[in-house]
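A.B. asks: This is the structure I want to talk about, given as structure tokens.
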Amino acid sequence: MRTKIVAGNWKMNLNAGQTQTLLQELISQLPQTSAAVMVAPPFVNLPQALSQLQGLPVEVVAQNMHYADSGAFTGEISADMLVSIGVKTVILGHSERRAYFGEDDGMLAKKVAKAVEKGMKVIFCFGEELPDRYEGRHFEVVQRQLRNALFALPEGAWRQLILAYEPVWAIGTGETASPEQAQEMHAFIREQVAGAYSRPVADAVSILYGGSVKPGNAAEIFSKPDVDGGLIGGASLVATDFLAIVNAFR
Ligand SMILES: O=C[C@H](O)COP(=O)(O)O
22 MRTKIVAGNW
32 KMNLNAGQTQ
42 TLLQELISQL
52 PQTSAAVMVA
62 PPFVNLPQAL
72 SQLQGLPVEV
82 VAQNMHYADS
92 GAFTGEISAD
102 MLVSIGVKTV
112 ILGHSERRAY
122 FGEDDGMLAK
132 KVAKAVEKGM
142 KVIFCFGEEL
152 PDRYEGRHFE
162 VVQRQLRNAL
172 FALPEGAWRQ
182 LILAYEPVWA
192 IGTGETASPE
202 QAQEMHAFIR
212 EQVAGAYSRP
222 VADAVSILYG
232 GSVKPGNAAE
242 IFSKPDVDGG
252 LIGGASLVAT
262 DFLAIVNAFR
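Numbering-wise (the working numbering), the sequence shown opens with residue 22 and increments by one.
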């Protein structure tokens, strides 16, 4: 049985005080759930989140990291630094990192390999842009993103991977992939993993959907057999919305 996951990617939102408030709201209403719940605040608020969530079933996740162990990379954060404060999971490959910070498949392959080497779990994001879908290239694009960044990893690394399919046209736009579109792509992704590795590896990996998941559409999207949860952006900044999405698994 695959792990069901609801992860909130806070992106570049919430200062220290706002972080404390949102976490308090989440903690006070935390439901019983079979899903693993995660939140990803910006780097500077990770220690506070770790402290507030200590002993609670909400994992604190980083939004990014560098591929080098250390060195002259002003403004960057290493895997060691994250691990040293207690962060065990990192989001890599988000479309905003790809679009605004020049992260390509080659760089992401290095980042994923480093995170895996350091014992971290990775939520690896990928997905096609709107023209790709209009022009029928979406499967090809996703296949290439997976192959270039992940398929050179040893099979054992897959125990540390979580995939997050995020069609770029659905991120922050209010437009969501239909549950059928999500299921179709997730099944395709699982086939790619089965082809590159094995059926057991493919069946074990959690594949999350991301892109305008809201309380009103989460249950239907999560009901699809190859959708194992969601990576939530905007709706994760409102405690009641995020918890309603978590509850969509009940
Ligand atoms: O990481 C989360 C995704 O980018 C989705 O963001 P969104 O829920 O605001 O569309």
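The beta-carbon is built from N, C-alpha and C at its ideal position, and this holds for glycine as well.
What residues match up with GLY29 in a beta bridge as DSSP calls it?
C.D. replies: Counted from its first residue, the sequence shown places residue 29 at position 8. DSSP lists VAL60 and ILE253 as partners of GLY29.
A.B. asks: Assuming contact is defined by CB atoms lying nearer than 8 Å, are ILE266 and ASP247 in contact in what I supplied?
C.D. replies: For the purposes of this step, residue 266 is taken as the residue at position 245 of the sequence shown. For the purposes of this step, residue 247 is taken as the residue at position 226 of the sequence shown. Not closer than 8 Å, so no.
A.B. asks: Kindly list the residues whose CB is nearer than 7 Å to the CB of LEU129, restricted to its own chain and excluding five residues on each side of it in sequence; keep chain order.
C.D. replies: What you label residue 129 is simply residue 108 of the sequence shown in a count that begins at 1. So the qualifying residues of the chain are LEU113, GLY114 and ALA170.
A.B. asks: Does the distance between the C-beta of GLY193 and the nearest non-hydrogen atom of ligand 1 fall short of 7 Å?
C.D. replies: If you number the sequence shown from 1, residue 193 lands on position 172. Checking every heavy atom of ligand 1 against the Cβ of GLY193, one is found closer than 7 Å.
A.B. asks: If we count Cβ pairs, one from each stretch, closer than 8 Å, do we get three or more for the segment 69 to 87 versus the segment 97 to 107?
C.D. replies: Counting Cβ pairs under 8 Å, three or more are found: they touch.
A.B. asks: So, VAL104 versus GLY148, is the Cβ gap smaller than 8 Å?
C.D. replies: Taking the sequence shown and counting its residues from 1, the one referred to as residue 104 is at position 83. Taking the sequence shown and counting its residues from 1, the one referred to as residue 148 is at position 127. Contact: no.
A.B. asks: Taking 7 Å as the line, does the beta carbon of VAL15 fall inside it for any heavy atom of ligand 1?
C.D. replies: The shown model of the chain, from 22 to 271, leaves out residue 15, and the question about it has no answer.
A.B. asks: Excluding five sequence neighbours on each side, which residues of the same chain lie with their C-beta closer than 8 Å to the C-beta of LEU47?
C.D. replies: Position 26 of the sequence shown, counting from 1, holds the residue named residue 47. If we look at LEU47 and ignore the five residues flanking it on each side, its Cβ neighbours are VAL60, VAL79, ALA260, PHE263 and LEU264.
A.B. asks: At a threshold of 7 Å, does ASN238 count as lining ligand 1 (C-beta to nearest heavy atom)?
C.D. replies: The residue given as residue 238 occupies position 217 in the sequence shown. ASN238: no, Cβ never under 7 Å from ligand 1.
A.B. asks: Taking C-beta to C-beta, are ALA28 and ILE210 nearer than 8 Å?
C.D. replies: Working through the sequence shown from its first residue, we reach residue 28 at position 7. Working through the sequence shown from its first residue, we reach residue 210 at position 189. No. Outside cutoff.
A.B. asks: Which residues mark the beginning and the end of the beta strand (DSSP E) in which ALA185 is found?
C.D. replies: Residue 185 sits at position 164 when you count from the first residue of the sequence shown. Here the beta strand (DSSP E) through ALA185 covers 182 to 186.
A.B. asks: Report back the beta-carbon spacing between ILE183 and VAL143 to the nearest angstrom; my notes put them in contact at under 8 Å.
C.D. replies: In the sequence shown, the residue the question calls residue 183 occupies position 162. In the sequence shown, the residue the question calls residue 143 occupies position 122. The Cβ separation is near 7 Å, so the contact holds.
A.B. asks: What whole-angstrom Cβ distance do PRO68 and THR40 have, given they're in contact under 8 Å?
C.D. replies: Translated into the one-based positions of the sequence shown, residue 68 becomes position 47. Translated into the one-based positions of the sequence shown, residue 40 becomes position 19. 10 Å between Cβ atoms; not a contact.
A.B. asks: Are any of the Cβ atoms in chain B nearer than 8 Å to that of LYS235?
C.D. replies: In summary, chain B is missing from the structure at hand, where a single protein chain is found.
A.B. asks: Check whether the Cβ atoms of SER116 and PHE270 sit closer than 8 Å, and answer yes or no.
C.D. replies: The count along the sequence shown starts at 1 and reaches residue 116 at position 95. The count along the sequence shown starts at 1 and reaches residue 270 at position 249. Taking 8 Å as the Cβ cut-off, SER116 and PHE270 do not qualify as a contacting pair.
A.B. asks: Just how far apart, CA to CA, sit VAL58 and ARG154?
C.D. replies: Working through the sequence shown from its first residue, we reach residue 58 at position 37. Working through the sequence shown from its first residue, we reach residue 154 at position 133. Those two C-alpha atoms are separated by around 30 Å.
A.B. asks: Ligand 1 and GLY114: does any heavy atom of the ligand fall closer than 7 Å to the residue's C-beta?
C.D. replies: As a position in the sequence shown, residue 114 is number 93, starting the count at 1. No, Cβ of GLY114 sits at least 7 Å from all heavy atoms of ligand 1.
A.B. asks: Out of ALA203, TYR186 and PHE145, state which residue places its alpha-carbon closest to the alpha-carbon of ARG180.
C.D. replies: In the sequence shown, the residue the question calls residue 180 occupies position 159. With distances taken between Cα atoms, ARG180 lies closest to PHE145.
A.B. asks: When DSSP labels each residue in this structure, what does GLU156 get in the three-state scheme?
C.D. replies: Along the sequence shown, read from residue 1 onward, the residue named residue 156 stands at position 135. The answer is coil: DSSP assigns GLU156 none of H, G, I, E or B.
A.B. asks: With DSSP run on the structure shown, which of helix, strand or coil describes LEU113?
C.D. replies: As a first step, residue 113 is located in the sequence shown; it is residue number 92 there, counting from the start. LEU113 falls in the strand class under three-state DSSP.
A.B. asks: Under three-state DSSP, which class holds GLY232?
C.D. replies: On the sequence shown, position 211 is the one that residue 232 refers to. In this structure, GLY232 counts as coil in the three-state DSSP scheme.
A.B. asks: Please state the DSSP three-state secondary structure of GLY226.
C.D. replies: By one-based count along the sequence shown, residue 226 stands at place 205. For clarity, residue 226 is Val in the given sequence; the question names Gly instead. Coil at VAL226, not helix or strand.
A.B. asks: Kindly examine ligand 2 and report whether one of its heavy atoms sits closer than 7 Å to the Cβ of ASN30.
C.D. replies: Among the ligands present in this structure, namely ligand 1, ligand 2 is not found.
A.B. asks: Hey, out of GLN202, MET33, GLU176 and THR194, whose CA is closest to PRO221's CA?
C.D. replies: Along the sequence shown, read from residue 1 onward, the residue named residue 221 stands at position 200. Minimum Cα distance to PRO221 is reached at GLU176.
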